[in-house]
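Novice:
Chains as they are written, first to last, in the working numbering: chain A, 107 to 206; chain B, 63 to 376.
See below:
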């Protein structure tokens, strides 16, 4: 079975950003994304997943390398100064490359 | 001494569990469900009673209360900015939280007046609706000025379609349309279970407040003092306005409680998006870990006396 390499961009950030961030992803050309609720801790304190002002989400986007870099740079420049945000990118293999 | 309502003891339980780092945790869906039921209950109850009153008579109190919502953050801002030496965005954000209102505090006050059979105006939930949004918009203006980069229309849409305004207005409309007899089949869930729902809501609020206690200590004495003094001053303004509008004892008490309460749901979400440079821990910890407990334990009984004084009964 042929596998195709794409990039997976993962963003862990504040739940209050979800709507704005997904609008950005769509505008910048992402063809799909997955949002899950998340919790954890870090230098901004405990982030629960229950109560919205304290809640985190994890947003995942699979796309080509160029778009992943562009998205990561845009999100870093726009949000990371003032919001709790962790961004990372790695390679994944997908079965249906036309979807991403 | 006025007797404490047992529902507020659930807040204490949550607070103790949280501070002791118990693993007690309410699923997010339960908190969402309980707060939706509470908001709808408050709206429905007001709506049912509204069906007996001419709607035109509401314009004057609604307008006056909306104006109060615009004034409160303007009073809070200079105190926070100059006495508290907070940065401009932080001062504006805290001012927005304290100008806006807490539906949870209102629910406790409604339970308080109901338990004591104190009469109040049926349209009091409308005050909650009128006070929620204006202060948030004023807070954003204080932080940003009339900046073109602020998407005001989008912001207003989000605030008005936010959970609390939508459910309160929706509940008012449904209650009004159904009337006292039409609402009977829904009584069990929305009215009979109100206090049980409120108890679970307060348990969760106690757990959340416990998480924010350490933030309060970090930000120091000014924030604690502000979190107690601002409600006292604002509740007096609310009571004075209520008395000027000729409200009953319960109406004055509820308006004083609303003016003295601080938002911890609508304002944090809106300020986080519109004024990202404001530190959310500052306003949230003051509102949630200082003002909310102060109001439900000390504030409401105190505002009762205040209301008695303003309505000439005390």
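All C-beta atoms, glycine included, are put in the ideal place defined by N, C-alpha and C.
Model, not experiment: these values are computed from the prediction.
May I ask you to list, following chain order, the residues of the region 165-189 of chain A that have a beta carbon less than 9 Å from some beta carbon of chain B?
Specialist: Result list: 185, 187, 188 and 189.
Novice: How should residue 222 of chain B be labelled, buried or exposed, when 16 other C-beta atoms within 10 angstroms of its C-beta is the threshold for buried?
Specialist: exposed
Novice: Once the 5 residues before and after residue 111 of chain A are set aside, which same chain residues still bring their CB inside 7 Å of it?
Specialist: 197 and 199
Novice: Assuming residue 165 of chain B contacts residue 119 of chain B under a Cβ cut-off of 8 Å, what Cβ separation, rounded to an integer in Å, is found between them?
Specialist: Not a contact, Cβ separation roughly 24 Å.
Novice: Quick check on this structure: which residue in A:157, A:189, A:168 and A:180 has the alpha carbon closest to the alpha carbon of residue 118 of chain A?
Specialist: The option with the nearest alpha carbon to residue 118 of chain A is A:189.
Novice: List the residues of chain A whose Cβ lies closer than 8 Å to the Cβ of residue 160 of chain B, in chain order.
Specialist: Near residue 160 of chain B there are no residues of chain A at all, since even the closest Cβ is about 16 Å away, more than 8 Å.
Novice: I'd like to know whether the C-beta atoms of residue 102 of chain B and residue 233 of chain B end up nearer to each other than 9 Å.
Specialist: yes
Novice: Roughly how many whole angstroms lie between the Cα atoms of residue 14 of chain B and residue 238 of chain B?
Specialist: Only positions 63 to 376 of chain B appear in the structure, and residue 14 of chain B is not among them; the question remains open.
Novice: Decide yes or no for the touch test of the region 267-281 of chain B against the region 335-353 of chain B: beta carbon pairs closer than 8 Å, at least 3 of them.
Specialist: yes
Novice: Run through chain A and tell me which residues come within less than 7 Å of residue 271 of chain B, C-beta to C-beta.
Specialist: Neighbours of residue 271 of chain B on chain A: none; closest Cβ ~11 Å, over 7 Å.
Novice: Based on DSSP bridge pairs, tell me the residues matched to residue 161 of chain A.
Specialist: A:154
Novice: Classify residue 113 of chain A as buried or exposed, calling it buried when 16 or more other Cβ atoms lie within 10 Å of its own Cβ.
Specialist: With 16 or more Cβ atoms within 10 Å of its Cβ, residue 113 of chain A is classed as buried.
Novice: Any residues in the region 201-224 of chain B with a beta carbon nearer than 7 Å to a beta carbon of chain A? Which ones, in chain order?
Specialist: none
Novice: What is the DSSP secondary structure of residue 77 of chain A, reduced to helix, strand or coil?
Specialist: Beyond the ends of chain A as shown, which are 107 and 206, falls residue 77 of chain A; an answer cannot be given.
Novice: Can you name the residues of chain B whose CB is closer than 8 Å to the CB of residue 132 of chain A?
Specialist: Ordered by position in chain B, no residue passes the 8 Å Cβ test against residue 132 of chain A, which lies about 16 Å from the chain.
Novice: Using a cut-off of 8 Å between C-beta atoms, extract the partners of residue 342 of chain B located in chain A.
Specialist: 159
Novice: Please name the residue in B:202, B:69, B:104 and B:91 whose C-alpha comes closest to that of residue 316 of chain B.
Specialist: B:104
Novice: Residues in the same chain with beta-carbon distance under 6 Å from residue 296 of chain B, minus the five sequence neighbours each way, listed in chain order, please.
Specialist: 134, 321 and 322
Novice: Suppose contacts are defined by Cβ-Cβ distances below 9 Å. Is residue 162 of chain B in contact with residue 195 of chain B by that definition?
Specialist: Taking 9 Å as the Cβ cut-off, residue 162 of chain B and residue 195 of chain B qualify as a contacting pair.
Novice: Could you give the DSSP three-state label for residue 95 of chain B: helix, strand or coil?
Specialist: helix
Novice: Just to make sure I have the definition right: I need the residues of chain B whose C-beta is within less than 7 Å of the C-beta of residue 144 of chain A. Which are they?
Specialist: Chain B residues near residue 144 of chain A: none, gap ~12 Å exceeds 7 Å.
Novice: What does a CB cutoff of less than 7 Å around residue 298 of chain B pick up in its chain, not counting 5 residues either side in sequence?
Specialist: 368
Novice: Just verifying my parser: in three-state terms, what is the DSSP assignment at residue 115 of chain B?
Specialist: coil
Novice: For the beta strand (DSSP E) holding residue 110 of chain A, just list the boundary residues, first then last.
Specialist: For residue 110 of chain A, the enclosing beta strand (DSSP E) covers residues 110-120.
Novice: So residue 319 of chain B and residue 362 of chain B are supposed to be a Cβ contact under 8 Å. How far apart are they, rounded?
Specialist: In this structure residue 319 of chain B is in contact with residue 362 of chain B, their Cβ atoms being roughly 6 Å apart against a cut-off of 8 Å.
Novice: Could you say which of B:107, B:192, B:82 and B:98 lies nearest to residue 130 of chain B if we only look at CA atoms?
Specialist: B:192
Novice: What does the alpha-carbon distance come out to for the pair residue 121 of chain B and residue 307 of chain B?
Specialist: One C-alpha to the other measures close to 12 Å.
Novice: Per DSSP, what kind of secondary structure is residue 193 of chain A in: helix, strand or coil?
Specialist: strand
Novice: Please say whether residue 335 of chain B and residue 193 of chain A have beta carbons closer to each other than 9 Å?
Specialist: no
Novice: Measuring CB to CB, does residue 136 of chain A end up less than 9 Å from residue 181 of chain A?
Specialist: no
Novice: With distances taken from CA atoms, which of B:272, B:284, B:211 and B:235 is nearest residue 86 of chain B?
Specialist: B:272
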